[in-house]
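This report refers to the structure that appears directly beneath it.
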Amino acid sequence: RFTKEFKLEVVRLLDLGQKPATQLALELGVARNQLYKWQAQLHKTGAPRAFRGPGRKPLDEQTELERLKRELKHVTEERDILKKAAAYFAKELP
4 RFTKEFKLEV VRLLDLGQKP ATQLALELGV ARNQLYKWQA QLHKTGAPRA
54 FRGPGRKPLD EQTELERLKR ELKHVTEERD ILKKAAAYFA KELP
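If you use our numbering, the sequence shown closes out at 97, no skipped numbers anywhere.
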């Protein structure tokens, strides 16, 4: 992940136009289309609202927590079904 400051500087360099986007992308190790996305986002929302990276991190953690809870519920249900099946087949055996 890139910091807000990094993204702002990249867009500033892109706006200056001293280097082509392809060259900037290669030098910085960022996909060229990502540079354009950052540029569009900054121009659309303005600097104070652009690139709210730290603000999104808790949301990402919350989303991951919810995903893990769903997965745990699913795996628990599978385990319970297997326990019932094992008990059923154990009764069938002599």
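We treat Cβ as the ideally placed atom computed from N, Cα and C, and that holds for glycine.
I'd like the span of the alpha helix (DSSP H) that includes residue i, first residue to last.
i	result
residue 15	7-19
residue 47	35-48
residue 27	24-31
Taking 9 Å as the threshold (C-beta atoms), are residue j and residue i in contact?
i	j	result
residue 50	residue 37	no
residue 10	residue 41	yes
residue 54	residue 68	no
residue 35	residue 48	no
What residues in its chain sit with their C-beta under 8 Å from that of residue i, if we drop five residues either side in the sequence?
i	result
residue 16	22 and 27
Exposed or buried, which one is residue i when buried takes at least 16 other CB atoms within 10 Å?
i	result
residue 13	buried
residue 19	exposed
Could you say which of the options lies nearest to residue i if we only look at CA atoms?
i	options	result
residue 6	33, 18 and 20	33
Nearest chain B C-beta to residue i closer than 9 Å, yes or no?
i	result
residue 50	As a matter of chain content, chain B is missing from the structure shown, which is built from one protein chain.
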